[in-house]
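Student: Have a look at this one before I ask anything.
Number of protein chains: 2
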Amino acid sequence: MSTKGLLIVLSGPSGVGKGTVCSALRSRVPDLIYSVSATTRQPRLGEVDGINYFFKGRDQFLSMIENDQLLEYAEYVGNYYGTPRDFVEETIANGKDIILEIEVQGALKVKEKFPEGIFIFLTPPSLDELKDRIVGRGTETQAVIDHRMSVAVDELDLIKHYDYAVVNDEINQACKRIESIIIAEHCKVRAQR
Amino acid sequence: MSTKGLLIVLSGPSGVGKGTVCSALRSRVPDLIYSVSATTRQPRLGEVDGINYFFKGRDQFLSMIENDQLLEYAEYVGNYYGTPRDFVEETIANGKDIILEIEVQGALKVKEKFPEGIFIFLTPPSLDELKDRIVGRGTETQAVIDHRMSVAVDELDLIKHYDYAVVNDEINQACKRIESIIIAEHCKVRAQR
Numbered sequence: 001m002s003t004k005g006l007l008i009v010l011s012g013p014s015g016v017g018k019g020t021v022c023s024a025l026r027s028r029v030p031d032l033i034y035s036v037s038a039t040t041r042q043p044r045l046g047e048v049d050g051i052n053y054f055f056k057g058r059d060q061f062l063s064m065i066e067n068d069q070l071l072e073y074a075e076y077v078g079n080y081y082g083t084p085r086d087f088v089e090e091t092i093a094n095g096k097d098i099i100l101e102i103e104v105q106g107a108l109k110v111k112e113k114f115p116e117g118i119f120i121f122l123t124p125p126s127l128d129e130l131k132d133r134i135v136g137r138g139t140e141t142q143a144v145i146d147h148r149m150s151v152a153v154d155e156l157d158l159i160k161h162y163d164y165a166v167v168n169d170e171i172n173q174a175c176k177r178i179e180s181i182i183i184a185e186h187c188k189v190r191a192q193r
Numbered sequence: 001m002s003t004k005g006l007l008i009v010l011s012g013p014s015g016v017g018k019g020t021v022c023s024a025l026r027s028r029v030p031d032l033i034y035s036v037s038a039t040t041r042q043p044r045l046g047e048v049d050g051i052n053y054f055f056k057g058r059d060q061f062l063s064m065i066e067n068d069q070l071l072e073y074a075e076y077v078g079n080y081y082g083t084p085r086d087f088v089e090e091t092i093a094n095g096k097d098i099i100l101e102i103e104v105q106g107a108l109k110v111k112e113k114f115p116e117g118i119f120i121f122l123t124p125p126s127l128d129e130l131k132d133r134i135v136g137r138g139t140e141t142q143a144v145i146d147h148r149m150s151v152a153v154d155e156l157d158l159i160k161h162y163d164y165a166v167v168n169d170e171i172n173q174a175c176k177r178i179e180s181i182i183i184a185e186h187c188k189v190r191a192q193r
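Note that the protein sequences, when read in sequence, are chains D and S.
At position 88 of the first sequence the residue is numbered 88 (full-length UniProt numbering), and the sequence of numbers has no breaks.
At position 181 of the second sequence the residue is numbered 181 (full-length UniProt numbering), and the sequence of numbers has no breaks.
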């Protein structure tokens with residue numbers, strides 16, 4: 001077995017179930033560390049620094065960008081969100097695996113800075129199924145649904161940049177496939193040298 | 001999931017437990033097809049052609065060599081043994097995985113002809129453990145034991161030509177790792193395209 005941990009990047013289109021699969025995986029594999037994001041937004045009630053997020057001032061965050069301390073970042077509704085490089089690197093240096101759940105564009109940015117990561121694309125069983133899930137969220141207008149579907153179809157084309165594709169047909173099966181990928185990656189001869 | 005099957009080549013030094021792991025794996029994964037060897041030796045009582053071996057005349061076997069119908073072959077105590085290419089290719093074309101249990105040199109010959117195979121090297125937990133297993137077989141002389149250990153040490157160096165290394169510390173763990181490798185390989189984006 002490799003003594004170094006792995007960075008597992010779990011991505012896929014909006015509505016595919018990344019969050020649900022990631023939560024299920026964390027309860028099945030308690031040793032798996034969850035990558036904590038940095039953000040400039042204010043903590044909400046009950047949120048703990050270093051557990052839910054690393055809360056940063058805007059200047060601190062801009063300095064992290066400047067010093068290449070983020071594997072990726074994005075601005076959303078006036079706040080910055082990003083993946084601190086240090087936390088990932090310290091975790092894997094300690095021999096632990098770390099999982100990062102992230103949307104498709106963010107994952108591709110991570111790949112540029114951290115190509116040795118294991119990039120897993122979670123796919124819907126079919127486009128109809130994905131549409132049902134997006135519609136099933138409730139109050140979206142037809143225009144929003146159409147836009148989300150169009151983005152999802154574009155994102156599915158980016159699967160070619162990933163190492164693995166896992167179909168999220170059934171939560172336990174999807175988790176089992178991801179667990180298998182992690183076990184197999186630790187057995188790789190390249191990883192062991 | 002890929003619609004094509006995979007050729008899984010399970011190899012490793014003499015005494016590491018290839019046969020035991022392979023049998024256990026076959027009962028855990030009933031869909032896995034076992035590669036049947038061709039041989040020129042006479043069938044023993046109860047052996048069935050196409051199940052235990054494909055029994056061939058010497059001329060037939062030589063013609064298979066001539067026509068590149070074997071992924072590898074070797075001569076042993078006056079008889080030929082080899083891996084028929086057709087059986088492997090038909091099985092994977094039908095979408096089924098096939099496992100070939102073979103010694104280290106044979107596996108490397110298979111890799112030359114079938115580089116798309118998944119090459120798994122079964123390793124002992126330690127050299128001491130391997131020695132115990134070789135000695136434990138019983139009636140070998142010290143010279144035979146020393147020779148086998150020396151061959152095993154040389155063979156361990158060939159691990160670099162393999163895709164995966166699986167430690168045979170405990171049979172169920174070794175099987176679980178190999179099952180994980182098979183599941184992961186079916187999720188590879190390359191394999192799905």
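Using N, Cα and C, we set each Cβ at its ideal position, and we do this for glycine too.
(1) Looking at C-alpha atoms only, which residue of S:Cys187, S:Arg58, S:Thr123 and S:Leu7 is the closest neighbour of Asn168 of chain S?
(2) Just the C-alpha distance for Tyr164 of chain D and Ile118 of chain D, rounded to the nearest angstrom, thanks.
(3) How would you list, in chain order, the residues of chain S whose beta-carbon sits under 7 Å from the beta-carbon of Ala152 of chain D?
(4) Tell me whether the beta-carbon of Arg177 of chain D lies closer than 8 Å to the beta-carbon of Val189 of chain D.
(5) At a CB-CB cut-off below 8 Å, which residues of chain D make contact with Val21 of chain S?
(6) Mind checking if Arg177 of chain D is an interface residue toward chain C, Cβ cutoff 8 Å exclusive?
(7) Taking the beta carbon of Arg193 of chain S as the centre, do at least 16 other beta carbons fall within 10 Å, making it buried, or is it exposed?
(8) What does Ile159 of chain D touch in chain S if you count any residue whose Cβ is under 8 Å from its own?
(9) With H, G and I counted as helix, E and B as strand and the rest as coil, what does DSSP make of Glu75 of chain D?
(10) Please state whether the Cβ-Cβ distance between Tyr162 of chain D and Phe121 of chain D is less than 8 Å.
(11) What ranges does the alpha helix (DSSP H) occupy inside the segment 27-105 of chain S, keeping only unbroken runs of at least 4 residues that lie completely in it?
(12) Using CA coordinates, which residue listed in D:Ala93, D:Ile65, D:Arg41 and D:Glu75 is at the minimum distance from Thr3 of chain D?
(13) DSSP puts Ser11 of chain D in a beta bridge; with which residues?
(14) CB Pro30 of chain D to CB Ala152 of chain D, shorter than 8 Å?
(15) Report all residues from its chain with a CB closer than 8 Å to the CB of Arg28 of chain D; omit the five preceding and five following residues, and keep chain order.
(16) Is DSSP giving Met1 of chain S helix, strand or coil here?
(17) Check the DSSP bridge columns for Lys188 of chain D and list the partner residues they point to.
(18) Find the residues of chain S that neighbour Asp163 of chain D, judging by a C-beta separation of less than 8 Å, and give them in chain order.
(19) Under the three-state reduction of DSSP, which class applies to Arg193 of chain S: helix, strand or coil?
(20) Just the Cα atoms here: how many angstroms apart are Gly19 of chain S and Lys96 of chain D?
(21) Do Tyr73 of chain S and Gly82 of chain S have their beta-carbon atoms positioned less than 8 Å apart in this structure?
(22) Any idea if Thr139 of chain S is buried or exposed, counting beta-carbon neighbours within 10 angstroms, 16 or more meaning buried?
(23) Taking only the alpha-carbon atoms, compute the straight-line gap between Phe55 of chain S and Arg44 of chain S and give it to the nearest angstrom.
(24) State yes or no: is the beta carbon of Ser11 of chain S nearer than 8 Å to at least one beta carbon in chain D?
Tutor: In terms of the structure at hand:
(1) If we check each option's Cα against that of Asn168 of chain S, S:Thr123 comes out closest.
(2) If I take the Cα positions, the gap works out to 8 Å.
(3) Those within 7 Å of Ala152 of chain D in chain S number zero; the least Cβ separation is about 18 Å.
(4) no
(5) Within 8 Å Cβ-Cβ: nothing; Val21 of chain S doesn't reach chain D, min ~13 Å.
(6) Structure shown: chain C not included; protein chains present are D and S.
(7) Unreliable placement is indicated for Arg193 of chain S, whose pLDDT of 44 sits below 50; the coordinate value is still reported in the next sentence. Exposed.
(8) Val189
(9) strand
(10) It is a contact, given that the beta carbons lie within the stated cut-off.
(11) If only complete runs of 4 or more residues are kept, the segment 27-105 of chain S shows the alpha helix (DSSP H) at 58-66 and 85-93, in order along the chain.
(12) Ranking D:Ala93, D:Ile65, D:Arg41 and D:Glu75 by Cα distance to Thr3 of chain D puts D:Ala93 first.
(13) D:Phe121
(14) no
(15) Cys175 and Glu179
(16) Low confidence applies here, because Met1 of chain S scores a pLDDT of 45, under 50, leaving its location unreliable; read the following figure in that light. Residue state, collapsed to three classes: coil.
(17) Paired residues: S:Tyr164.
(18) Lys188 and Val189
(19) Caution is warranted here: a pLDDT of 44 is assigned to Arg193 of chain S, below 50, making its placement in the model unreliable, and the coordinate value is therefore given only provisionally. DSSP places Arg193 of chain S outside both helix and strand once states are collapsed to three, so it counts as coil.
(20) Distance between the alpha carbons of Gly19 of chain S and Lys96 of chain D: 33 Å.
(21) Cβ atoms of Gly82 of chain S and Tyr73 of chain S: closer than 8 Å.
(22) exposed
(23) 11 Å
(24) no
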